[in-house]
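Peer 1:
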Amino acid sequence: ICRVTGKITLDDEDIYDPGVDVVELRARVGMVFQKPNPFPKSIRENIEYGPRIHGLTRSKTDLEEIVVTSLQKAGLFEEVKDRLDAPGTGLSGGQQQRLCIARAIAVQPSVILMDEPCSALDPIATAKVEELIDELRENYTIAIVTHSMQQAARVSQRTAMFHLGYLVEVDKTDKIFTNPEDKRTQDYITGRYG
Numbered sequence: 483i484c485r486v487t488g489k490i491t492l493d494d495e496d497i498y499d500p501g502v503d504v505v506e507l508r509a510r511v512g513m514v515f516q517k518p519n520p521f522p523k524s525i526r527e528n529i530e531y532g533p534r535i536h537g538l539t540r541s542k543t544d545l546e547e548i549v550v551t552s553l554q555k556a557g558l559f560e561e562v563k564d565r566l567d568a569p570g571t572g573l574s575g576g577q578q579q580r581l582c583i584a585r586a587i588a589v590q591p592s593v594i595l596m597d598e599p600c601s602a603l604d605p606i607a608t609a610k611v612e613e614l615i616d617e618l619r620e621n622y623t624i625a626i627v628t629h630s631m632q633q634a635a636r637v638s639q640r641t642a643m644f645h646l647g648y649l650v651e652v653d654k655t656d657k658i659f660t661n662p663e664d665k666r667t668q669d670y671i672t673g674r675y676g
């Protein structure tokens, strides 16, 4: 039996309200998955896809600017600028994940959801993605799912602890890791379970 309670709002609007335009909502929320999932298209086409289907650009010049800017924001442009027409699937795992981040930000979302964005990456690629998260949070609200306490401590400003599908507590990251309110959080952080 699944019990779902509460609500999810974006800019004070309940996303489950029948009047919500789900296409517009999807344009406001970028998604980065656990495993990099570039489209089987060129690097350029991976970035162009979202702005095209959402009608965010009218000219080829505007589209090219979105491609370059998105790749720059994702810290990938310098690595791929001479091969934008090469397949996105030909990039390394870390580069593919940054391509997926660039694809997400190309539609100018308000929020970026990241589901364990580094779990399939090596330590060097993980460090690059974490640096990118730190830079992007200046302009975007970013929610990250991670099972790595160390990563949560490094990249988040607020941390929510869940146990068996229930929210246990949420607070500033420093407080969660130094003085949690709930014993289950304390036990998890100290390695007593998890």
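Numbering (this note's numbering), first residue to last: 483 to 676. The beta-carbon is built from N, C-alpha and C at its ideal position, and this holds for glycine as well.
Go ahead and pull the three-state DSSP assignment for S638.
Peer 2: Here S638 sits in coil by DSSP.
Peer 1: Inspect the beta-carbon positions of A634 and T628 and report whether they are closer than 8 Å.
Peer 2: yes
Peer 1: Near I626, what residues of its chain come up, given a Cβ to Cβ distance below 6 Å and the 5 sequence neighbours on each side ignored?
Peer 2: Its chain contains M596 as the residues whose beta carbon lies nearer than 6 Å to that of I626, once the 5 sequence neighbours on both sides are disregarded; these appear in chain order.
Peer 1: Leaving out the 5 sequence neighbours to the left and right, which residues in its chain are closer than 8 Å to V511 when beta-carbon positions are compared?
Peer 2: Within the same chain, Cβ atoms closer than 8 Å to the Cβ of V511 are found at L492, P591, S592, V593, I594 and L595, the five residues on either side in sequence being excluded.
Peer 1: What does a CB cutoff of less than 8 Å around L507 pick up in its chain, not counting 5 residues either side in sequence?
Peer 2: Excluding residues within five positions, the ones whose Cβ falls inside 8 Å are L492 and I497.
Peer 1: Can the beta-carbon of Q579 be found closer than 8 Å to that of L545?
Peer 2: no
Peer 1: Please report how far the alpha carbon of R585 lies from the alpha carbon of D664, in whole angstroms.
Peer 2: 38 Å
Peer 1: In chain order, which beta strand (DSSP E) runs of at least 3 residues are fully inside the segment 497-529?
Peer 2: 511-514
Peer 1: Where DSSP assigns a beta bridge to M631, which residues make up the other side?
Peer 2: In DSSP, M631 forms no bridge with anything.
Peer 1: What do you get for N621, buried or exposed, if any count of 16 or more other CB atoms within 10 angstroms of its CB means buried?
Peer 2: exposed
Peer 1: DSSP state of V589, grouped into three classes?
Peer 2: Assignment of V589 by DSSP, reduced to helix, strand and coil, places it in the coil class.
Peer 1: Is the beta carbon of L566 closer than 8 Å to that of R526?
Peer 2: Yes, Cβ-Cβ distance for R526 and L566 is below 8 Å.
Peer 1: Note down, one range per segment and in chain order, each alpha helix (DSSP H) of at least 4 residues found wholly within the segment 548-604.
Peer 2: 559-562 and 575-587
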